[in-house]
Amino acid sequence: MSSADLFAGWLPPIVIQRDEGTANPSHEERIWLPMRSSSSATLLHALVSRDTSATFRRQLRNTLRHDPALCLFTAAKVVQEHERGWRPIAGQWTTKQLADWWVRHGAEIWDGSAFLSCPDIQTGESLLQRFMRLDQHFQTLPFSRWLLESDLWWKAAGLSRRSSICQSLHSIRLIDSDQSKSSSEPIKHASNQDAHVAFGKVTAMAAERERLQGEFSDSLESVRRDLAKQLAYGLSHEINNPLANIATRAQGLIASASGTQQADSLQRIVDQSYRAHAMIADLMFYAHPPEPQFESGFSAKHVVDEVITPMRPSLQRDAISIDVDVPSSLKCDGDPNMFGEAIRALVLNAIESIGVEGQIVISVEADSDAKRCLLRISDSGQGLTPDDAARAFDPYFSGREAGRGLGLSLCRVHRIAELHGGSIQLHPALIGCVAELSWPMHV
78 MSSADLFAGW LPPIVIQRDE GTANPSHEER IWLPMRSSSS ATLLHALVSR DTSATFRRQL
138 RNTLRHDPAL CLFTAAKVVQ EHERGWRPIA GQWTTKQLAD WWVRHGAEIW DGSAFLSCPD
198 IQTGESLLQR FMRLDQHFQT LPFSRWLLES DLWWKAAGLS RRSSICQSLH SIRLIDSDQS
258 KSSSEPIKHA SNQDAHVAFG KVTAMAAERE RLQGEFSDSL ESVRRDLAKQ LAYGLSHEIN
318 NPLANIATRA QGLIASASGT QQADSLQRIV DQSYRAHAMI ADLMFYAHPP EPQFESGFSA
378 KHVVDEVITP MRPSLQRDAI SIDVDVPSSL KCDGDPNMFG EAIRALVLNA IESIGVEGQI
438 VISVEADSDA KRCLLRISDS GQGLTPDDAA RAFDPYFSGR EAGRGLGLSL CRVHRIAELH
498 GGSIQLHPAL IGCVAELSWP MHV
């Protein structure tokens, strides 16, 4: 038998302070003991279950009785528990007491981050070879002497000095709680065949967690939209009217401006007022969008051309080239005006990211199997991180650091896609970004 057959990995580390007995102990040492393959199912059950039944306790006792490393690990943990509480340690312990510790703490001790420091493959294999020989030796010893001979395990594990735990274990005699049972009563041996029960519970817990996460995400999205709706209504009432006043007065003053510089300054006031108004409109759209006006079989190329044609002069001034590859035969279903709004917002987002001198490529392809058309808008602008891409459609997220605007127009695109049963994603690329809009295709 190889160590890989006997052991399934490592038990959680036993943390021993090197400066025990001082006012401020420090320099902790982590001791690793192996986990027997035959014990893994029982330990997994203790991790995922709050089972306190007599059957499970008996299985725990039997597992401890056949696994020297697990027995030593549990005894060391119980000693540490007694030392922290300044409680005296009895001269003899039963497997029942050790099993009770697992019932109390089995779901608490598995800290994934602690295993980042476990022995590497090369060191681990050497350790496991020593532990395998120790395990075989301890199977020949009386159970009552396991803790008295525990120094062999500490030495194999590489403990640099004797600690109070070692000394305490030397004074403890183990007793098998089930020895007094009638020999006619069968004792269930722990087996890897029991693992399917524990793994079934893990799978059920994972499924339940995913369900709860989904419900939480839906609830969070609903609350977020309600807050956005309240904010949008408040902004619309409190800010739109002053913005309209500012824009109107500034427009009136342009005609009587004393010079070009003054007229340009007034025009900037008008432009920024309209920009603020558009941002509030985007937020209102996100919170309370209008019903789409569905049309069957509209031309995707026609909508794209209608959006891009008015933009070409300004794109040429900024030295931004734009290539459009949309089949004339491709037909879509939905609201063509909203489809155009989504394309315009994504192109403007690309333009803002590029600034000057760059390239935008718009392509649409049919996915007949999914009954979807996939519109992609690629740009050579500033890239963005995966985290920014995941949050880009949040109306409260500012992507200004990534050169991607305030995100309000993008949250509008997200709502348009949702209203049509589609989706929108931003994919970070080697250069720039690729926006992918999924839209219902006419079939």
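Note that my numbering has the sequence shown beginning at 78, numbered continuously upward. Heads up, the beta-carbon is just placed ideally off N, CA and C, and yes, glycines get one too.
query	result
Would you grab the beta carbon distance between PRO517 and LYS448 for me? Rounded to a whole angstrom, and I think it's under 8 angstroms.	7 angstroms
From the DSSP output, in three-state form, read off PRO171 for me.	Per the sequence presented here, residue 171 reads as Thr, with Pro not at that position. THR171: strand per DSSP, three-state reduction.
With PRO246 and VAL156 assumed to form a contact (beta carbons below 8 angstroms), what rounded beta-carbon distance in angstroms separates them?	Looking at the sequence shown, residue 246 is not Pro but Leu. The Cβ separation is near 7 angstroms, so the contact holds.
Keeping to the same chain, check which residues put their C-beta closer than 6 angstroms to that of ILE501; ignore five residues upstream and five downstream.	VAL490, HIS491, ALA494, LEU514
Let me know the alpha helix (DSSP H) ranges lying completely inside the segment 414-496, each 4 residues or longer, listed in chain order.	463-468, 485-496
Taking buried to mean at least 16 other C-beta atoms within 10 Å of its own C-beta, is PHE293 buried or exposed?	exposed
Cα separation between ASP395 and LEU507?	23 angstroms
Pairing CB atoms from the segment 207-226 with CB atoms from the segment 127-147, are three or more of them under 8 angstroms?	yes
Could you give the residue range of the alpha helix (DSSP H) that holds MET112?	Segment 111-113 is the beta strand (DSSP E) holding MET112; no alpha helix (DSSP H) there.
Is ILE249 buried or exposed, if buried means 16 or more other CB atoms sit within 10 Å of its CB?	buried
At what residues does the beta strand (DSSP E) containing SER515 begin and finish?	510-517
Smallest Cα separation from ASN322: which of LEU193, VAL520, HIS354?	HIS354
Closer than 7 angstroms by C-beta to LEU205: which residues in its own chain qualify, once you throw out the five before and the five after it? Chain order, please.	SER80, PHE84, PRO111
Look up GLU105 in the DSSP assignment and say whether it is helix, strand or coil.	strand
Check this for me: beta carbons of THR151 and SER254, under 7 angstroms apart or not?	no
Would LEU312 pass as a contact of ILE385 if the rule is Cβ separation under 7 angstroms?	no
List the residues that DSSP assigns as beta-bridge partners of ASP402.	SER440
Quick check: the Cα distance between GLU429 and PHE192, rounded to an integer number of angstroms?	46 angstroms
Candidates ILE397, SER227, GLY509, CYS510: which alpha carbon is nearest LEU251's?	SER227
Can you tell me the Cα-Cα spacing of ASP382 and ARG421, whole angstroms?	11 angstroms
From the DSSP secondary-structure annotation, give me the bridge partner or partners of ARG250.	GLN169
Can you find the residues in the same chain that come closer than 6 angstroms, C-beta to C-beta, to ALA512, ignoring five residues on each side of it along the sequence?	LEU423, ILE454, LEU503
In whole angstroms, what is the alpha-carbon distance linking LEU88 and ARG181?	17 angstroms
Less than 7 angstroms separating the beta-carbons of ILE331 and ALA340?	yes
Measuring only the C-alpha atoms, how far is LEU121 from LYS232?	28 angstroms
GLN370 and ASP410 - do their beta-carbons sit closer together than 7 angstroms?	no
When you compare the CB positions of ILE91 and ALA176, do they come within less than 7 angstroms of one another, or not?	no
Check the DSSP bridge columns for GLN94 and list the partner residues they point to.	GLU105
Tell me, to the nearest whole angstrom, how far the beta carbon of ALA20 is from that of VAL401; I am working on the premise that it is less than 8 angstroms.	Here the chain comprises residues numbered 78 to 520, so residue 20 is not present and cannot be evaluated.
Measure the alpha-carbon distance for CYS488 versus ALA327 and round it to whole angstroms.	30 angstroms
In terms of residues, what are the limits of the alpha helix (DSSP H) holding LEU141?	131-143
What span of residues does the alpha helix (DSSP H) with ALA353 cover, start to end?	337-364
What's the C-alpha gap between VAL520 and LEU451?	14 angstroms
Suppose the cutoff is 8 angstroms on Cβ atoms and the five residues either side in sequence are ignored; what does the same chain contact list for TRP223 look like?	PRO145, CYS148, LEU149, PHE215, LEU251
Can you list, in chain order, the residues of its chain with a C-beta nearer than 8 angstroms to that of LYS265? Leave out the 5 residues immediately preceding and following it.	Residue placement at LYS265 cannot be trusted, given a pLDDT of 48 that sits under 50; the coordinates are not used to answer.
Can you tell me whether DSSP reads GLN270 as helix, strand or coil?	In this prediction, GLN270 scores a pLDDT of 48, lower than 50, which makes its location untrustworthy; the coordinate-derived value is nonetheless stated afterwards. Residue state, collapsed to three classes: helix.
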